[in-house]
Structures are given as structure tokens and as C-alpha cells.
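Student: Can you read through this structure? Questions will come right after.
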Amino acid sequence: MPSRTTRDTRPSSYRAPDGVDLGAPVIGVDYEDVDALQTVLEQYEINTVISTLALHIIGVGQAQINLVKAAEKSQPTKRFVTGTWAVQPEIKWFDLLPYGFQHVASYTELEKTHLEWTAFNVGWFLEYYAMPNVETYIPQSTFVVDMANKHASIPGDGKQKMTFTYTKDLAKFVVAALELPKWERNIYAIGDKLTWDEFVKIAEEARGGEKFTVTYDNVEKLRTGKVTELPGQAASYSYLPKESAQRLFSAFGIWVTEGIFDFPDEKLLNKQFPDVKVTTAREMLQAAWKGK
9 MPSRTTRDTR PSSYRAPDGV DLGAPVIGVD YEDVDALQTV LEQYEINTVI
59 STLALHIIGV GQAQINLVKA AEKSQPTKRF VTGTWAVQPE IKWFDLLPYG
109 FQHVASYTEL EKTHLEWTAF NVGWFLEYYA MPNVETYIPQ STFVVDMANK
159 HASIPGDGKQ KMTFTYTKDL AKFVVAALEL PKWERNIYAI GDKLTWDEFV
209 KIAEEARGGE KFTVTYDNVE KLRTGKVTEL PGQAASYSYL PKESAQRLFS
259 AFGIWVTEGI FDFPDEKLLN KQFPDVKVTT AREMLQAAWK GK
């Protein structure tokens, strides 16, 4: 029977609404107690742990390490999906992120185990550019393109490829990957791949053809930990202070210029599961913004 272990202390924006049937039992656990976690995994005969712990929140990293330790000790548990859900670059690139050490610590712990483990590389969640006009459980975040205010601050020259995936499509790929006989360290799946210049053009069309205000942040600026601020970013400063947001988005901007979000086509899970229908950027932006 499918189960989900949780310690639901997240902000309400991260949780499914009360009363929503998730289709699986929710089991409260203590992420500080490795033995207790092991007991739950064994009690429910969990073969595969899919971690969605928010590693961008400082302090959550230890919870994932404990979950890894419990999975390693659990007899029925053989597989582990780490809580990355964007891109897993070379370890050196995590130094740019305020919370990058938590990802590194998690990978280090997984390397000690006998678990078959992987990270899903899916790029940037596509629905960030459709909020609030899209069904999603993730909170608002404004990176590169501000759809509501028709602005964009593009890292580099706008020619580097970027990957986008709707979280609902990601879920389909995760389910499909469970059937694979063997996992690679990195699993790649995408909804769409575009340059930022191409994305802005699609965004402008979705917003009625009006040209966006566009600036380009060169690598030199990004390396100072700064990006051109977008109007929509101020709304997140209550939980992600401006200085932290600047550092975070400049780091991701550098990743863009380094081609880290440009996944190899030959490794895409899409090729193995062509029946998984994905949402393109044009489809989502048109559905979310047409006539608005």
C-alpha cells in the first residue's frame, strides 16, 4: 500500500489544502529519530523513498540525512530519490547557493549506502510563470521573467538553453521511473527546452503581444551575487530576504550561462516514455495569461 511519511510543519503554501484526498495515507514521523524512521519504513514495507524535503530551507538537510540513514537500515528499502528536483550539477557549483551544503551533505551520505539512488533533473518548474492562474502546490517565485509585470532580467546573452517542467508532468515521470530496472545517478526529464530569448517571446505573445522590459545581466555582474531586480520579486522578501534572493538568483543565473540547465537530449526520460504527455511553455503561458 502506498504511504507518505511527513512532519507537516511547512508553511500552508507548501501543503495540500485541508480536506483534499491525497490518494495515500499520511503518516506522521519524527525526522530527528533515525530508528523511528526505520521502523515506519519497515512497517509499511517501503521499497522506494521519494524525498520531497525542502533542501532550500536551512536546517532541513539533517532531516534528509536521517531519512537516508533510516532507508539504509530498513530491510525492504532499496531505492532512494534525493530531494533535488531541479538539477544536480557538479558538487563545486553548489558552493554558490546559500543552502548548497545541504545537498552536498545529502549526496555524501547517500554515497555511503548500498541504496540505488538518483536525482531528478527537470530544470525550472514551469508553473512559476503561470501563477496565480495555474493549479499547483508550490509557492510563488520570480526568476528571470516576471509575467505579471511584463519584465525580464536575463542571465548572460539569452542564447543559452533552459529546461522547464510542470510539476504535474514531473510526477508522471517519477511514477514511470519506478518501473525502470536500473537507475542512473541522474534522471533527466523535461517539459520544454528554450533559450530565454525564446521564452520571453512566447511570454510576450501570451500577454497580448506587448513587449516586455528586458535587461541582460552579464556573468561579471552575476559573480558579484547581484541580478537586476524584478518587480514581482518583492512579494517573496517576507520569507526570502532580498539579499538572499539576489545571491540565489545570481547563482542560478551562472548555472544558466554554464549550460547546466541544458540537459543532454539522448538521456531524456521522455524518449523511454513517449506516452507521457508534457506541457510546453507556450501551452501553459497561453492557458494562464490569454486575455489577462
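Taking my numbering, I'd label the letters of the sequence shown as residues 9 to 300. All C-beta atoms in this analysis are idealised placements derived from N, C-alpha and C, irrespective of residue type, glycine included.
(1) State yes or no: is the C-beta of G131 within less than 8 Å of the C-beta of V183?
(2) Shortest alpha-carbon distance to K86 belongs to which of Y107, L238, V112, I58?
(3) Apply the 10 Å Cβ neighbour rule to L75 and answer buried if 16 or more other Cβ atoms are within range, or exposed otherwise.
(4) Which term fits T92, buried or exposed, when burial requires 16 or more other beta carbons within 10 angstroms of its beta carbon?
(5) May I have the straight-line CA-CA distance separating K285 from Y196, to the nearest angstrom?
(6) Quick one: give me the first and last residue of the alpha helix (DSSP H) that E309 is part of.
(7) Please name the residue or residues paired with L276 in a DSSP beta bridge.
(8) Just to confirm my understanding: we take T288, look at its own chain, exclude 5 residues before and 5 after, and list those with CB closer than 7 Å. What are they?
(9) So for D8, helix, strand or coil by DSSP?
(10) Are T171 and F269 close, meaning C-beta to C-beta below 8 Å?
(11) For A295, count neighbouring Cβ atoms within 10 angstroms of its own Cβ and tell me buried if that reaches 16, exposed if not.
(12) Spatial neighbours of S20 within its chain, please: C-beta separation below 6 Å, excluding the five flanking residues on both sides.
(13) If you draw a straight line from the C-alpha of K234 to the C-alpha of K120, how long is it?
(14) I'd like to know whether the C-beta atoms of I99 and V89 end up nearer to each other than 8 Å.
(15) Please give me, in chain order, every unbroken run of the beta strand (DSSP E) with length at least 3 that falls completely inside the stretch 54–123.
(16) Taking only three categories from DSSP, how would you classify D270?
(17) If A78 and V42 are in contact, beta carbons under 8 Å, what's the gap, nearest whole angstrom?
(18) Can the beta-carbon of T232 be found closer than 8 Å to that of P163?
(19) For a quick check, are the C-beta atoms of S244 and S161 less than 8 Å apart?
(20) Go through its chain and collect everything with a Cβ distance to K250's Cβ below 7 Å, but skip five positions before and after it.
(21) In this structure, does DSSP put F133 in helix, strand or coil?
(22) Measuring only the C-alpha atoms, how far is M139 from R215?
(23) Does the Cβ of A185 have 16 or more other Cβ atoms within 10 Å, making it buried, or fewer, making it exposed?
(24) Starting from T223, trace the beta strand (DSSP E) both ways and give me its first and last residue.
(25) Which residues mark the beginning and the end of the beta strand (DSSP E) in which N34 is found?
Tutor: Judging by the given coordinates:
(1) Within the sequence shown, residue 131 is the residue found at index 123, counting from 1. Within the sequence shown, residue 183 is the residue found at index 175, counting from 1. Taking 8 Å as the Cβ cut-off, G131 and V183 do not qualify as a contacting pair.
(2) Within the sequence shown, residue 86 is the residue found at index 78, counting from 1. Answer by Cα proximity: I58.
(3) Along the sequence shown, one-based indexing puts residue 75 at 67. L75 is buried by the Cβ-count criterion.
(4) Taking the sequence shown and counting its residues from 1, the one referred to as residue 92 is at position 84. Flag for T92 reads buried.
(5) Here residue 285 corresponds to residue number 277 of the sequence shown, with the count starting at 1. Here residue 196 corresponds to residue number 188 of the sequence shown, with the count starting at 1. Roughly 15 Å between the two C-alpha positions.
(6) No statement about residue 309 is possible, as the shown extent of the chain runs from 9 to 300 and does not include it.
(7) Start at 1 with the first residue of the sequence shown, and residue 276 comes out as number 268. Y196.
(8) Position 280 of the sequence shown, counted from the first residue, corresponds to residue 288. Closer than 7 Å at Cβ, skipping near neighbours: G199, D200.
(9) Residue 8 falls outside the range modelled here, since the chain spans only 9 to 300, and no answer is possible.
(10) As a position in the sequence shown, residue 171 is number 163, starting the count at 1. As a position in the sequence shown, residue 269 is number 261, starting the count at 1. Taking 8 Å as the Cβ cut-off, T171 and F269 qualify as a contacting pair.
(11) What you label residue 295 is simply residue 287 of the sequence shown in a count that begins at 1. Exposed, by the Cβ-count rule.
(12) The sequence position of residue 20 within the sequence shown is 12, counting from 1. In this prediction, S20 has a pLDDT of 44, which is less than 50 and means its spatial position is unreliable; nothing more can be read from the coordinates.
(13) As a working mapping, residue 234 is identified with position 226 in the sequence shown. As a working mapping, residue 120 is identified with position 112 in the sequence shown. Computed Cα separation, rounded: 36 Å.
(14) Taking the sequence shown and counting its residues from 1, the one referred to as residue 99 is at position 91. Taking the sequence shown and counting its residues from 1, the one referred to as residue 89 is at position 81. Cβ distance not < 8 Å, so I99 and V89 don't count as in contact.
(15) 56–58, 87–89
(16) Locating residue 270 in the sequence shown gives position 262, counting from the first residue. D270 falls in the coil class under three-state DSSP.
(17) Here residue 78 refers to the residue found at position 70 of the sequence shown. Here residue 42 refers to the residue found at position 34 of the sequence shown. Indeed they touch by this definition, with Cβ atoms about 5 Å apart.
(18) Translated into positions along the sequence shown, residue 232 becomes position 224. Translated into positions along the sequence shown, residue 163 becomes position 155. No, Cβ-Cβ distance for T232 and P163 is not below 8 Å.
(19) For the purposes of this step, residue 244 is taken as residue 236 along the sequence shown, with counting starting at 1. For the purposes of this step, residue 161 is taken as residue 153 along the sequence shown, with counting starting at 1. No, these two residues do not count as a Cβ contact at 8 Å.
(20) In the sequence shown, the residue the question calls residue 250 occupies position 242. Cβ neighbours of K250 beyond the five flanking positions: none.
(21) As a working mapping, residue 133 is identified with position 125 in the sequence shown. Of the three classes helix, strand and coil, the one that applies to F133 here is strand, per DSSP.
(22) Numbered from 1 along the sequence shown, position 131 holds the residue referred to as residue 139. Numbered from 1 along the sequence shown, position 207 holds the residue referred to as residue 215. Going from the Cα of M139 to the Cα of R215 covers about 13 Å.
(23) Indexing the sequence shown from 1 puts residue 185 at position 177. With 16 or more Cβ atoms within 10 Å of its Cβ, A185 is classed as buried.
(24) Indexing the sequence shown from 1 puts residue 223 at position 215. Taken as a continuous stretch (DSSP letters only), the beta strand (DSSP E) holding T223 covers 221–225.
(25) Residue numbering aside, residue 34 sits at position 26 when the sequence shown is read from its first letter. It should be noted that the sequence gives Val, not Asn, for residue 34. Here the beta strand (DSSP E) through V34 covers 34–36.
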